[in-house]
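One structure below.
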Amino acid sequence: MSVTHADYRLSQLDQLEAESIHIFREVAAEFEKPVLMFSGGKDSIVMMRLAEKAFFPAKIPFPVLQVDTGYDFPEVLQTRDNWVNRLGVRLIVASVEEAIANGVVVDDGKTSRNRLQIGTLLNALEEGGFTAAFGGGRRDEEKARAKERVYSHRDEFGQWDPKNQRPELWSLYNGRLHEGEHMRIFPISNWTELDIWDYIGREDIEIPSIYFSHQRRVFERDGMLLSESDFNPLRSGETVEERTVRFRTVGDLTLTGCVESEASTIPEIIAEVAVATVTERGATRGDDRFSEAAMEDRKKEGYF
Amino acid sequence: MADTTETPVQGLAGRDADLLRFATAGSVDDGKSTLIGRLLLDSKSIFADQLEAVEATSLSKGYDYTDLALLTDGLRSEREQGITIDVAYRYFATPQRKFIIADTPGHVQYTRNMVTGASTADLGLVLVDARQGLTEQSRRHAVILSLLRVPHLVLAVNKMDLVDYDQATYEKIHAEFRSFATKLNIPDLEVIPISALKGDNVVERSEHMGWYSGPTLMHHLEHVHVASDRDLVDVRFPVQYVVRPKSDEHHDYRGYAGQVAGGVLKPGDEVVVLPSGMTSKIAGIDLFDREISEAYPPMSVTVRLEDDVDVSRGDLIARVNNAPQPSQDIDAMVCWMTTQPLRPRQKLSIKHTTRTARALVKDIQYRLDVNTLHRDQETKELGVNEIGRIQLRTTQPLLCDPYSKNRTTGSFILIDEATGVTVGAGMINSGS
Numbered sequence: 001m002s003v004t005h006a007d008y009r010l011s012q013l014d015q016l017e018a019e020s021i022h023i024f025r026e027v028a029a030e031f032e033k034p035v036l037m038f039s040g041g042k043d044s045i046v047m048m049r050l051a052e053k054a055f056f057p058a059k060i061p062f063p064v065l066q067v068d069t070g071y072d073f074p075e076v077l078q079t080r081d082n083w084v085n086r087l088g089v090r091l092i093v094a095s096v097e098e099a100i101a102n103g104v105v106v107d108d109g110k111t112s113r114n115r116l117q118i119g120t121l122l123n124a125l126e127e128g129g130f131t132a133a134f135g136g137g138r139r140d141e142e143k144a145r146a147k148e149r150v151y152s153h154r155d156e157f158g159q160w161d162p163k164n165q166r167p168e169l170w171s172l173y174n175g176r177l178h179e180g181e182h183m184r185i186f187p188i189s190n191w192t193e194l195d196i197w198d199y200i201g202r203e204d205i206e207i208p209s210i211y212f213s214h215q216r217r218v219f220e221r222d223g224m225l226l227s228e229s230d231f232n233p234l235r236s237g238e239t240v241e242e243r244t245v246r247f248r249t250v251g252d253l254t255l256t257g258c259v260e261s262e263a264s265t266i267p268e269i270i271a272e273v274a275v276a277t278v279t280e281r282g283a284t285r286g287d288d289r290f291s292e293a294a295m296e297d298r299k300k301e302g303y304f
Numbered sequence: 001m002a003d004t005t006e007t008p009v010q011g012l013a014g015r016d017a018d019l020l021r022f023a024t025a026g027s028v029d030d031g032k033s034t035l036i037g038r039l040l041l042d043s044k045s046i047f048a049d050q051l052e053a054v055e056a057t058s059l060s061k062g063y064d065y066t067d068l069a070l071l072t073d074g075l076r077s078e079r080e081q082g083i084t085i086d087v088a089y090r091y092f093a094t095p096q097r098k099f100i101i102a103d104t105p106g107h108v109q110y111t112r113n114m115v116t117g118a119s120t121a122d123l124g125l126v127l128v129d130a131r132q133g134l135t136e137q138s139r140r141h142a143v144i145l146s147l148l149r150v151p152h153l154v155l156a157v158n159k160m161d162l163v164d165y166d167q168a169t170y171e172k173i174h175a176e177f178r179s180f181a182t183k184l185n186i187p188d189l190e191v192i193p194i195s196a197l198k199g200d201n202v203v204e205r206s207e208h209m210g211w212y213s214g215p216t217l218m219h220h221l222e223h224v225h226v227a228s229d230r231d232l233v234d235v236r237f238p239v240q241y242v243v244r245p246k247s248d249e250h251h252d253y254r255g256y257a258g259q260v261a262g263g264v265l266k267p268g269d270e271v272v273v274l275p276s277g278m279t280s281k282i283a284g285i286d287l288f289d290r291e292i293s294e295a296y297p298p299m300s301v302t303v304r305l306e307d308d309v310d311v312s313r314g315d316l317i318a319r320v321n322n323a324p325q326p327s328q329d330i331d332a333m334v335c336w337m338t339t340q341p342l343r344p345r346q347k348l349s350i351k352h353t354t355r356t357a358r359a360l361v362k363d364i365q366y367r368l369d370v371n372t373l374h375r376d377q378e379t380k381e382l383g384v385n386e387i388g389r390i391q392l393r394t395t396q397p398l399l400c401d402p403y404s405k406n407r408t409t410g411s412f413i414l415i416d417e418a419t420g421v422t423v424g425a426g427m428i429n430s431g432s
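As they're listed, the protein sequences go chains A and B.
Each residue of the first sequence is one higher than the one before, starting from 1 at the first, in the UniProt record's numbering.
Each residue of the second sequence is one higher than the one before, starting from 1 at the first, in the UniProt record's numbering.
Below, the structure is given as structure tokens:
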């Protein structure tokens, strides 16, 4: 941060950072049991960095929670572990596989792991007694997310009611809850995809290697390039070939597509994102393609 | 990656670019969604897949045009009803600036959402339909923006194409609004004739309005000077969180974390901690792992003091001879946001900066008619979406300034203790 401007001006990235840190501190001060949802993807890594800054030189005063779909990229899990170890925070893993085994959620062979994450997550939040869960959702991602508050109230079923949201004024957040309810907190609501990359570049922090251009064995399905893997059996007509690709988002590898790209450094990624004509979700997320309101519907059920 | 058929410039704001937050207002059919769609489209902030989705939906609804409002109405029920219910936030950037739009609904019954959007705005954009001229709704929105002390206001006279780009029509609306605005507190007003549909004076200068010599809307948004709107004189630092690592390495570290709400803090400054009144000096200001020489709004920093004084969340650090008066009696304008009316003797929770207390409504002095600015002193209650002047008595002293002086230390929210819902937004006139 440049701090000695003659006119005391903060750049937009510095303003976003200051606002996010304010939110982290507010939640840590007012909620009994917060937890940070951490997937190891770029947005949650920026969240970790902001949390690190908010409480420095003290440690982050809450644990992190990862919902493991069982179909996660190994590179992402590795980055997750590196971050958790470096910062000395407690990692809680909520496993979709375990949730299926325990009957918490039902795998009917048709429902995506992304959707099964919802029940797994809600169960983990309830088991941990968490009253606030930080998520890395951004309003620029999706039109239902554009309607999301920074403090998103969830009822005892974890549901979001978009028609009955609390007004959110100035930076005065209302964290009042009833028994069994919780709050989802989105400190990077006002960041865009490009801000995230700018910040990762400026902070020079570790992100999973799959965000950078690499050789990968992929096949095409529904207009997306998916990774060859045991979890993703080929359908008739699909063929695997090696391409030079990178990921714009990371999630369940059976649903997260990659894009052909030569961008192997942060500045190259920034240059690429700046001229992209398709949103990151539109390009690479199978889970948002089910209906026009796919995200809204999932959020109402308890998705973040 | 992806296809790059054109040369888009999505979010070009450089690292040094600054941020402008603006709230849009206007009646339902004044073309607000079209204008937002136009700003997003012309700044290349709409992606191909989003546009395709909107085109497909427009087609399936049987429209013969692409309804850009579908881009901004994100909820099922909004699309069903074709209206905007709730505030949505949108983003776009140019090489000069990043913009956050609080897209607020125009309907009368959603005044509270307009207040929500305006609370964080640097600039308010009110649309009027050139054919209709000023309506009750445009006046109401201007009043709310002025009450919320949004420092810059733009009146966009839209649909100029439908009045043959007639200068006299524009001049008449302009004059009428200027005269109305003299009754309000609007430090900076710009009136711009546009056609959101045709793109006149939005990003590109219009070829049809040679008589207009002012800026285009985009040019104004990019260049309006907002940095000076902050108070850099009166130090206000609400303590949010006490940082105490208790680790071997930082055994004695005790820092007060918060976001600077006013003034410039420097190491060595003599400060007072309120409400205790204890004084000390700033030993250092930390920004993550660095010590810095100054902190100013809206920086989030951690302040260390030389003495081991008792400071906790809810306290406020100020300069010794320039501190707010702690007060339990608050006089404020309040916007009421719930159907259960606000009545005298009601007890509520109040959140002011980082301090939460309980408040008793001692009196409702008047209800403000936001159309006529008439002060109705007969009514002793405030209904949903109504604004009035009230007196509160709080259980704890609030460390407040008039809202006109500082939007952070001058604002509060009221929370219903039974439901937990935010029911009121308050702007302090004074503590006494």
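Every residue gets a Cβ at the ideal spot worked out from N, C-alpha and C, and that includes glycine.
These numbers were taken from a predicted model, which means no experiment stands behind them.
message = So for Asp281 of chain B, helix, strand or coil by DSSP?
response = Checking the sequence shown, residue 281 of chain B turns out to be Lys, not Asp. Of the three classes helix, strand and coil, the one that applies to Lys281 of chain B here is strand, per DSSP.
query = So who's on the other strand from Gly255 of chain B, going by DSSP bridges?
reply = B:Val243
request  = Determine the DSSP secondary structure at Arg216 of chain A, reduced to helix, strand or coil.
outcome  = strand
key: Between the CA atoms of Arg140 of chain B and Thr356 of chain B - distance to the nearest angstrom   = 31 Å
inquiry  = For the alpha helix (DSSP H) containing Val76 of chain A, name the first residue and the last one.
reply    = Pro74 to Leu87
query = Would Gln15 of chain A be called buried (16 or more neighbouring beta carbons within 10 Å of its own) or exposed?
reply = buried
ask   = Which chain B residues sit within Cβ distance under 7 Å of Lys53 of chain A?
value = Phe288
ask   = Taking the continuous beta strand (DSSP E) assigned at Glu206 of chain A, which residues delimit it?
value = Counting along the chain, Glu206 of chain A falls outside any beta strand (DSSP E), and DSSP gives it neither H nor E.
Extent of the continuous alpha helix (DSSP H) to which Val303 of chain B belongs = Counting along the chain, Val303 of chain B falls outside any alpha helix (DSSP H), though it belongs to the beta strand (DSSP E) covering Ser300 to Leu305.
ask   = Start and end of the beta strand (DSSP E) containing Arg21 of chain B?
value = Asp18 to Gly26
query = For a contact meaning CB atoms closer than 7 Å, what does Ser300 of chain B contact in chain A?
reply = Ala18, Ile21 and His22
key: Within-9 Å CB hit, Thr66 of chain B to chain A   = no
inquiry  = According to DSSP, is Pro187 of chain B part of a helix, a strand, or is it coil?
reply    = coil
Whole-angstrom C-beta distance between Asp43 of chain A and Gly136 of chain A, which should lie under 8 Å = 3 Å
task = Entirely within the segment 246-278 of chain A and at least 4 residues each: give me those alpha helix (DSSP H) ranges in chain order.
result = 266-274
Three-pair Cβ contact test at 8 Å for the segment 229-240 of chain B versus the segment 123-134 of chain B = no
key: Bounding residues of the alpha helix (DSSP H) (the contiguous stretch that carries Val314 of chain B)   = In the sequence under discussion, the amino acid at residue 314 of chain B is Gly, which differs from the Val named in the question. It is not in any alpha helix (DSSP H) - Gly314 of chain B carries neither H nor E in the DSSP assignment.
query = At least one CB of chain B closer than 9 Å to the CB of His214 of chain A: is that the case?
reply = no
key: Outcome for Thr5 of chain B when other beta-carbon atoms lying within 10 angstroms are tallied against a minimum of 16   = For Thr5 of chain B, the predicted structure reports a pLDDT of 35, less than 50, and the residue's modelled location is therefore unreliable. A value from the coordinates is still provided. It is exposed - the Cβ of Thr5 of chain B has fewer than 16 other Cβ atoms within 10 Å.
message = For Glu291 of chain B, list the residues DSSP reports as bridge partners.
response = B:Asp286
task = For Asp200 of chain B, name the three-state secondary structure that DSSP assigns.
result = strand
Nearest-angstrom beta carbon gap, Leu36 of chain A and residue 334 of chain A [assumed within contact, 8 Å] = Chain A is shown from 1 up to 304; residue 334 of chain A falls before or after that span and cannot be answered.
message = Quick check on the DSSP output: the beta strand (DSSP E) that includes Asn158 of chain B runs from which residue to which?
response = His152 to Asn158
query = Looking at Asp72 of chain A and Ala94 of chain A, is the spacing between their C-beta atoms short of 9 Å?
reply = no
request  = Would you mind reading off the limits of the alpha helix (DSSP H) that contains Ala118 of chain B?
outcome  = Thr111 to Ser119
request  = State the Cα-Cα distance for the pair Ser349 of chain B and Glu52 of chain B, rounded to the nearest angstrom.
outcome  = 47 Å
key: Pro233 of chain A classed as buried or exposed, judged by whether at least 16 other C-beta atoms fall within 10 angstroms   = exposed
ask   = Listed from N- to C-terminal order along the chain, which residues in the segment 408-423 of chain B have their beta-carbon within a distance smaller than 8 Å of any beta-carbon of chain A?
value = Thr408, Ser411, Phe412, Ile413, Ile415, Gly420, Val421 and Thr422
task = Report the neighbours of Val243 of chain B on chain A: residues whose CB is nearer than 7 Å to its CB, in chain order.
result = Phe55 and Ala58
ask   = Met209 of chain B by DSSP, collapsed to three states: which one?
value = coil
query = Around the C-beta of Asn201 of chain B, are 16 or more other C-beta atoms found within 10 angstroms, so that it is buried, or is it exposed?
reply = buried
task = Would you mind listing the beta strand (DSSP E) stretches within the segment 25-67 of chain A that are 3+ residues and don't spill past its ends, in chain order?
result = 34-37
message = On the CB-based measure, 16 or more other CB atoms within 10 Å of its CB, does His352 of chain B come out buried or exposed?
response = buried
query = Pro74 of chain A touches chain B at which residues, Cβ-Cβ below 7 Å?
reply = What Pro74 of chain A touches in chain B: nothing, since even the nearest Cβ is about 23 Å away.
query = Under 9 Å, do Arg90 of chain B and Asp198 of chain A count as touching if we go by C-beta distance?
reply = no
query = Going by beta carbon distance, what residues of the same chain come within less than 6 Å of Lys362 of chain B, once the five residues before and after it are set aside?
reply = Gln391 and Arg393
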